[in-house]
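Novice: No gaps in the numbering here: position 694 of the sequence shown is 1349 in the numbering used here, and each next residue is one more.
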Amino acid sequence: MHSAEVLDAPAVIRDPVCGMTVDPHGGKPAHVHDGRTFHFCSAGCATKFAADPDTYLTAKDPVCGMDVDRASARFMTKHEGQRHYFCSARCQSRFEADPAGFAGEAPPPVDVPPGTLWICPMDPEIEQDHPGDCPICGMALEPAGIPQDSGPNPEVVDFTRRFKVALACTVPLVVISMGPMLGLPLHLGAAGRWLELLLATPVVLWCGWPFLVRGAKSFRSGHLNMFSLIAVGVTAAYLFSVVATVAPGVFPHGFRGHGGEIGVYFEAAAVIVTLVLLGQLLELAARERTGSAIRALMDLAPKTARRITDAGETEVPLETIVVGDRVRVRPGERVPVDGTVLDGYSSVDESLLTGEPVPVEKVAGDSVTGATINGSGTLVIEAARVGRDTVLARIVEMVATAQRSRAPIQRLADRVAGWFVPAVLAVAVLAFIVWAIVGPEPSLTWAFIAAVSVLLIACPCALGLATPMSVMTATGRGAQAGVLIRDAAALETLASVDTLVLDKTGTITAGKPELAAILPVNGGDEYEILRLAASLEKGSEHPLADAILRAAEARGLPLTEPQGFEAVTGKGVRGRINGQEIALGNAAMVGDAVDDRAYDEARDRGETVMHLLVDGRHVGSLALADPVKPTTPEALKALHALGLRIVMATGDAERTARAVAAELGIDEVYAGVTPETKAAVIRELQAKGAKVAMAGDGVNDAPALAQADVGIAMGTGADVAIESAGITLAGGDLAGVVRARRLAKATLRNIRQNLFFAFAYNAAGVPIAAGLLYPAFGILISPMLAAAAMSLSSVSVIGNALRLRTVNLDRD
656 MHSAEVLDAP
666 AVIRDPVCGM
676 TVDPHGGKPA
686 HVHDGRTFHF
696 CSAGCATKFA
706 ADPDTYLTAK
716 DPVCGMDVDR
726 ASARFMTKHE
736 GQRHYFCSAR
746 CQSRFEADPA
756 GFAGEAPPPV
766 DVPPGTLWIC
776 PMDPEIEQDH
786 PGDCPICGMA
796 LEPAGIPQDS
806 GPNPEVVDFT
816 RRFKVALACT
826 VPLVVISMGP
836 MLGLPLHLGA
846 AGRWLELLLA
856 TPVVLWCGWP
866 FLVRGAKSFR
876 SGHLNMFSLI
886 AVGVTAAYLF
896 SVVATVAPGV
906 FPHGFRGHGG
916 EIGVYFEAAA
926 VIVTLVLLGQ
936 LLELAARERT
946 GSAIRALMDL
956 APKTARRITD
966 AGETEVPLET
976 IVVGDRVRVR
986 PGERVPVDGT
996 VLDGYSSVDE
1006 SLLTGEPVPV
1016 EKVAGDSVTG
1026 ATINGSGTLV
1036 IEAARVGRDT
1046 VLARIVEMVA
1056 TAQRSRAPIQ
1066 RLADRVAGWF
1076 VPAVLAVAVL
1086 AFIVWAIVGP
1096 EPSLTWAFIA
1106 AVSVLLIACP
1116 CALGLATPMS
1126 VMTATGRGAQ
1136 AGVLIRDAAA
1146 LETLASVDTL
1156 VLDKTGTITA
1166 GKPELAAILP
1176 VNGGDEYEIL
1186 RLAASLEKGS
1196 EHPLADAILR
1206 AAEARGLPLT
1216 EPQGFEAVTG
1226 KGVRGRINGQ
1236 EIALGNAAMV
1246 GDAVDDRAYD
1256 EARDRGETVM
1266 HLLVDGRHVG
1276 SLALADPVKP
1286 TTPEALKALH
1296 ALGLRIVMAT
1306 GDAERTARAV
1316 AAELGIDEVY
1326 AGVTPETKAA
1336 VIRELQAKGA
1346 KVAMAGDGVN
1356 DAPALAQADV
1366 GIAMGTGADV
1376 AIESAGITLA
1386 GGDLAGVVRA
1396 RRLAKATLRN
1406 IRQNLFFAFA
1416 YNAAGVPIAA
1426 GLLYPAFGIL
1436 ISPMLAAAAM
1446 SLSSVSVIGN
1456 ALRLRTVNLD
1466 RD
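(1) Could you check if ARG1061 is buried or exposed, using at least 16 other CB atoms within 10 Å of its CB as the buried criterion?
(2) Quick test of your reading: LYS703 and VAL672, contact by CB under 8 Å. State the CB separation rounded to the nearest angstrom.
(3) To the nearest angstrom, report how far apart LEU1277 and ALA1171 are at their CA atoms.
(4) Taking DSSP's pairing of strands, which residues face TYR740 in a bridge?
(5) Threshold first: 3 residues or longer. Then list the beta strand (DSSP E) segments lying entirely within the stretch 1153–1208, N to C.
(6) Is there contact here, the stretch 1017–1031 with the stretch 988–998, by at least three beta-carbon pairs under 8 Å?
(7) Which partner residues of VAL1365 appear in the DSSP bridge assignment?
(8) Which first and last residues belong to the alpha helix (DSSP H) in which LYS1292 is found?
(9) Does the stretch 1129–1142 come close enough to the stretch 1398–1409 to have 3 or more Cβ pairs within less than 8 Å?
(10) Excluding the 5 residues preceding and the 5 following ASN1463 in the sequence, name in chain order all residues of the same chain whose CB lies nearer than 6 Å to its CB.
(11) Which of the three DSSP states, helix, strand or coil, is assigned to PRO764?
(12) Are the beta-carbon atoms belonging to GLY1032 and VAL990 less than 7 Å from one another?
(13) By Cβ distance below 7 Å, which residues in the same chain neighbour VAL919 in space, the five residues on each side in sequence not counted?
(14) Pick helix, strand or coil for TYR1325, following the three-state DSSP scheme.
(15) Quick one: give me the first and last residue of the alpha helix (DSSP H) that THR713 is part of.
(16) Alpha carbon to alpha carbon, how far is PRO1288 from GLY1137?
(17) Quick check: the stretch 1144–1160 against the stretch 1292–1308, are at least 3 beta-carbon pairs closer than 8 Å?
(18) Please name the residue in THR1305, ILE917 and HIS739 whose C-alpha comes closest to that of GLY1166.
(19) Comparing alpha-carbon positions, which option in GLU1309, ASP1281, ASP1322 and ASP670 lies nearest LYS1292?
(20) Grouping DSSP H, G and I as helix and E and B as strand, with all else coil, what is GLU1005?
(21) Who are the Cβ neighbours of VAL931 in its own chain at under 8 Å, not counting the five residues just before and after it?
(22) Use the C-beta contact count for ASN1409: other C-beta atoms within 10 angstroms, 16 or more gives buried, fewer gives exposed.
(23) Give me the DSSP bridge partner(s) of ILE976.
(24) Which partner residues of ILE1036 appear in the DSSP bridge assignment?
(25) Return helix, strand or coil for ILE668, following the three-state DSSP convention.
(26) Kindly identify the DSSP beta-bridge partner or partners of SER1276.
(27) Starting from GLY1227 and walking both ways along the beta strand (DSSP E), at which residues does that stretch end?
(28) Ends of the alpha helix (DSSP H) at ALA1312?
(29) I want to know whether the stretch 818–827 touches the stretch 851–861 - three or more CB-CB distances under 8 Å.
(30) Buried or exposed: where does GLY870 fall if 16 or more other Cβ atoms within 10 Å of its Cβ makes it buried?
(31) So, is GLU1005 buried or exposed, given that buried needs 16 or more other C-beta atoms within 10 angstroms?
(32) Counting along the chain, where does the alpha helix (DSSP H) carrying THR1148 start and finish?
(33) Would you report the Cα separation of ALA1350 and VAL1315, rounded to the nearest angstrom?
(34) Would ILE1232 pass as a contact of PRO1217 if the rule is Cβ separation under 7 Å?
(35) Just to confirm my understanding: we take TRP1101, look at its own chain, exclude 5 residues before and 5 after, and list those with CB closer than 6 Å. What are they?
(36) Given this structure, state the Cα-to-Cα distance separating LYS1226 from ARG1043, to the nearest angstrom.
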């Protein structure tokens, strides 16, 4: 399973890429990097190293976690084909005794296709061909493109394990350190300090290790960020406390508290690590949903298809279907690929892709789209586009591309940290120098205390809480109001959008046709017109027929079984009732028997008109419409009052779309759009400088929802639309958009207030901690007071964030 390789000579030379030992005098390739000469076993390894030397310079000891120089490592073991490097023989021996246990400490590799680019979820401009951390924000890179379902996210698994350990150690640590202040009979003396050290060490050095590493990288790269602050704050608090525990005699008497003891701040360091881990897990959970949206789209396609050959029909995996294959689609099945109907007749439900509720009749020569649902007939189709060329695959790719382009709200804190961290470090260094030169004896100790006080009071606990606390509270408040929030970025963006794009069917309207009016001719009987139409439609499965039947049932009309029923493709239906020839259909069905232009006014209202003929004589017509939701008009007025421009993008015909828009006062209309052009509408508006929110409910809306600056899904719509959006309205009501907008504004305002609280204490406390007031007033903040100020800033942030629980979302 594994083989060991140990070299006694101190000057071991290894190929840093593959780990093989190399003779430097054997004529093998060499490369100079940062003043060091590295030797390689082959030109291939030399090329890999030259392209990305940082990747091959160090490795992690899987036992102790220390960095090991791969080019000079004396201890190495192979386990299941992978090389592991060690800092000492002891670590190597421990690994060889239980290799599976220690190998499992590292997150498992992510299963991605060869050639995949890795990008940063916060800084999409960062791309590389291997996993790693973002050099700007420090976040772990993610594979670009369509995510593979490769099991749990290794970073989530790793951080969850670290969080559990941190929580288990931090809770008793806080009880021990804060117990006496709360009146608990815990007076452990010196033993308590050592117990705190024992509990805090694994939290800081193992649980918080990823943040310390990212912080160190941020200093090396010059891109200071949240992890810079976390690393500085945690390290300062922990090291100060370690020195105070191990060597308390180095501190002057003036900084000794009751009983002559030096205050320790192990609990501050541990709490910071624990809270940061919690925040990271919340953010990772939000990012995980990005992949689930795309996988939901991919699951729409059937996994198999019935291929027709000269030898008969065979059910085969979908990926084996090629262009030109003939495929049979039985009633109720999903169409497997894009193609052309060769034989058969059926109505196909294309609402998942078009958003329109009325199935489309298909006969020989018509095109069909993969993932749509076949009705009651059987179709034989010829495959025209398969795999990545289908409409569904293109929609999947569009969703993946648009979702990866979002930037989370944490950018705001990172931008502030970009100038705050250097300022705090500069003040700490300056304080140390000044106190070391002019401070009282022992001046170096006073200098160290001043510098540590500055770093402690600047600890980023409150800054780390500023965004997550507001988002967590807003999420709960939104859920109470039927507004489900996926991540902080959606809230931040929704607060500043100026344009709202709405789908029509299922968003503005109910998405289900209803009988709008009965239009008799020459004083005819409305109930008899409806009874005859409903009796004839008993043999039809068309959604418009369902609307007529529901209207007749609601009125309690007795229906008659039709004879000789016939559905005429694209026109209507006909048959005999009580010996009379009955026909119901559009203008093409009734011909010159009806002046169809007389009903243009109904069509201008967005209604579909069907004419009823009895023995060739026009007796009346039925107007059917997809009704506007009762709450829509009032919601659109409120959205206009909130300063939003309303745009409707729908697959409906121009006449119907403009009729609905005119009725509701919608500012702009895009009619007859496809899934591709609906997303293009969003891009066009964004190119003109608009900040766009999109509200929709169908699979056809998914690319537009993902392309928009923020997507809002109707909770009554398709799952993939919900997964593609940053915000979901549980009730499918546009009034929820109004509440979501108000909540977004309140949350962003709350986050800014939190950031102010987080930095206000630093702005006031850092100069005092550095000793600015000492010459004139003799005021100097001790590390204990610095930690108290840090805690107070956190309490302020938490208290302010909790105010969001009572925000009123029904009025401004």
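The beta carbon of each residue, even a glycine, is placed where N, CA and C say it ideally should be.
Specialist: With the structure as the only source:
(1) Numbered from its first residue, the sequence shown carries residue 1061 at position 406. Below a pLDDT of 50, predicted positions are generally treated as unreliable, and ARG1061, at 41, falls in that range; the measurement from the model is reported next regardless. It is buried - the Cβ of ARG1061 has at least 16 other Cβ atoms within 10 Å.
(2) On the sequence shown, position 48 is the one that residue 703 refers to. On the sequence shown, position 17 is the one that residue 672 refers to. That belief holds up - the Cβ atoms of LYS703 and VAL672 are roughly 5 Å apart, short of 8 Å.
(3) In the sequence shown, the residue the question calls residue 1277 occupies position 622. In the sequence shown, the residue the question calls residue 1171 occupies position 516. Rounded to the nearest angstrom, the two C-alpha atoms are 8 Å apart.
(4) Taking the sequence shown and counting its residues from 1, the one referred to as residue 740 is at position 85. TYR740 pairs with MET731.
(5) 1154–1157 and 1169–1175
(6) yes
(7) Reading the sequence shown from its first residue, position 710 is the one you call residue 1365. Answer by DSSP bridge pairing, in chain order: ALA1348.
(8) Sequence index remark: in the sequence shown, residue 1292 carries index 637 (1-based). Looking at the DSSP string, the run of the alpha helix (DSSP H) that includes LYS1292 is 1287–1296.
(9) yes
(10) Counting from one through the sequence shown, the residue named residue 1463 turns up at place 808. Nothing meets the Cβ criterion.
(11) Position 109 of the sequence shown holds residue 764. Note that PRO764 scores a pLDDT of 40, beneath 50, so its modelled location is shaky and nothing firm can be said.
(12) Taking the sequence shown and counting its residues from 1, the one referred to as residue 1032 is at position 377. Taking the sequence shown and counting its residues from 1, the one referred to as residue 990 is at position 335. No, these two residues do not count as a Cβ contact at 7 Å.
(13) Within the sequence shown, the letter at position 264 stands for residue 919. Cβ within range, chain order: ARG848, GLU851, SER896, ALA899 and THR900.
(14) Counted from its first residue, the sequence shown places residue 1325 at position 670. Residue state, collapsed to three classes: strand.
(15) Counted from its first residue, the sequence shown places residue 713 at position 58. Premise fails: THR713 lies in the beta strand (DSSP E), 713–715, not in any alpha helix (DSSP H).
(16) Indexing the sequence shown from 1 puts residue 1288 at position 633. Indexing the sequence shown from 1 puts residue 1137 at position 482. Rounded to whole angstroms, PRO1288 to GLY1137 spans 19 Å at the Cα level.
(17) yes
(18) On the sequence shown, residue 1166 is found 511 positions in, with the first residue counted as 1. Of the listed residues, the one whose Cα sits closest to GLY1166 is THR1305.
(19) The residue given as residue 1292 occupies position 637 in the sequence shown. Nearest C-alpha to LYS1292: ASP1322.
(20) One-based indexing of the sequence shown puts residue 1005 at position 350. Correct three-state label for GLU1005: coil.
(21) Position 276 of the sequence shown, counted from the first residue, corresponds to residue 931. Result list for VAL931: GLY863, PHE866, ILE885 and GLY1119, in chain order.
(22) Position 754 of the sequence shown, counting from 1, holds the residue named residue 1409. Buried: at least 16 other Cβ atoms inside 10 Å.
(23) Taking the first residue of the sequence shown as 1, we reach residue 976 at position 321. DSSP lists no partner for ILE976.
(24) In the sequence shown, counting from the first residue as 1, residue 1036 sits at position 381. For ILE1036, which the question treats as bridged, DSSP gives the partners VAL982 and VAL996.
(25) The count along the sequence shown starts at 1 and reaches residue 668 at position 13. Looking at ILE668 - three-state DSSP - the assignment turns out to be coil, as it is neither helix nor strand.
(26) In the sequence shown, the residue the question calls residue 1276 occupies position 621. Bridge partners of SER1276: LEU1174 and HIS1266.
(27) Walking along the sequence shown from the start, residue 1227 turns up at place 572. Per DSSP, GLY1227 belongs to the beta strand (DSSP E) from 1227–1232.
(28) The residue you call residue 1312 lines up with position 657 of the sequence shown. Per DSSP, ALA1312 belongs to the alpha helix (DSSP H) from 1309–1319.
(29) yes
(30) As a first step, residue 870 must be located in the sequence shown, where it is residue number 215. GLY870 should be labelled buried.
(31) Numbered from its first residue, the sequence shown carries residue 1005 at position 350. Its Cβ being crowded by 16 or more others within 10 Å, GLU1005 is buried.
(32) Mapped onto the sequence shown, residue 1148 falls at position 493. Counting along the chain, the alpha helix (DSSP H) containing THR1148 begins and ends at 1143–1149.
(33) Translated into positions along the sequence shown, residue 1350 becomes position 695. Translated into positions along the sequence shown, residue 1315 becomes position 660. If I take the Cα positions, the gap works out to 17 Å.
(34) One-based indexing of the sequence shown puts residue 1232 at position 577. One-based indexing of the sequence shown puts residue 1217 at position 562. Result yes, Cβ atoms of ILE1232 and PRO1217 sit closer than 7 Å.
(35) In the sequence shown, counting from the first residue as 1, residue 1101 sits at position 446. Contacts found: TRP1090 and GLY1094.
(36) The count along the sequence shown starts at 1 and reaches residue 1226 at position 571. The count along the sequence shown starts at 1 and reaches residue 1043 at position 388. Each residue's alpha carbon lies about 36 Å from the other.
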